[in-house]
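What follows is a set of notes on a single structure, which appears directly below.
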Amino acid sequence: MSISLEDLELLLDVAELGSFSQAAARRGWSQP
(Lines of atoms letter the chains of each structure in order from A; the text may use other names.)
(Lines give C-alpha, C1' and ligand atoms only; values in the text may rest on other atoms or scores of the structure.)
Protein backbone atom coordinates (compact mmCIF):
# COMPACT_ATOMS: atom_id res chain seq x y z
CA MET A 1 0.00 0.00 0.00
CA SER A 2 1.19 3.48 -0.80
CA ILE A 3 -0.77 5.17 1.97
CA SER A 4 1.53 6.32 4.75
CA LEU A 5 0.65 6.90 8.39
CA GLU A 6 1.05 10.62 7.79
CA ASP A 7 -1.57 10.46 5.03
CA LEU A 8 -3.99 8.69 7.37
CA GLU A 9 -3.42 11.32 10.04
CA LEU A 10 -4.14 14.04 7.48
CA LEU A 11 -7.39 12.31 6.49
CA LEU A 12 -8.40 12.10 10.14
CA ASP A 13 -7.63 15.79 10.62
CA VAL A 14 -9.73 16.67 7.56
CA ALA A 15 -12.59 14.53 8.87
CA GLU A 16 -12.37 16.14 12.31
CA LEU A 17 -12.08 19.72 11.13
CA GLY A 18 -14.36 19.29 8.13
CA SER A 19 -11.96 21.25 5.98
CA PHE A 20 -8.73 20.36 4.21
CA SER A 21 -7.42 23.93 4.37
CA GLN A 22 -7.78 23.95 8.16
CA ALA A 23 -5.95 20.64 8.43
CA ALA A 24 -3.22 21.93 6.12
CA ALA A 25 -2.92 25.12 8.15
CA ARG A 26 -2.48 23.05 11.31
CA ARG A 27 0.43 21.31 9.59
CA GLY A 28 1.94 24.60 8.50
CA TRP A 29 1.36 23.96 4.80
CA SER A 30 0.85 26.88 2.47
CA GLN A 31 -2.62 27.08 0.96
CA PRO A 32 -2.87 26.03 -2.69
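Numbered according to UniProt numbering, the sequence shown spans residues 1 to 32. Where is the CB? At the ideal position from N, CA and C, for every residue including glycine.
Just reading off the alpha helix (DSSP H) that residue i is part of, what are its end residues?
{"i": "Arg26", "result": "Phe20 to Arg26"}
Find out if the Cβ-Cβ distance for the pair residue i, residue j is shorter than 8 Å.
{"i": "Val14", "j": "Ala23", "result": "yes"}
To which residues of the same chain is residue i closer than 8 Å at the C-beta, ignoring the five residues directly before and after it?
{"i": "Asp7", "result": "none"}
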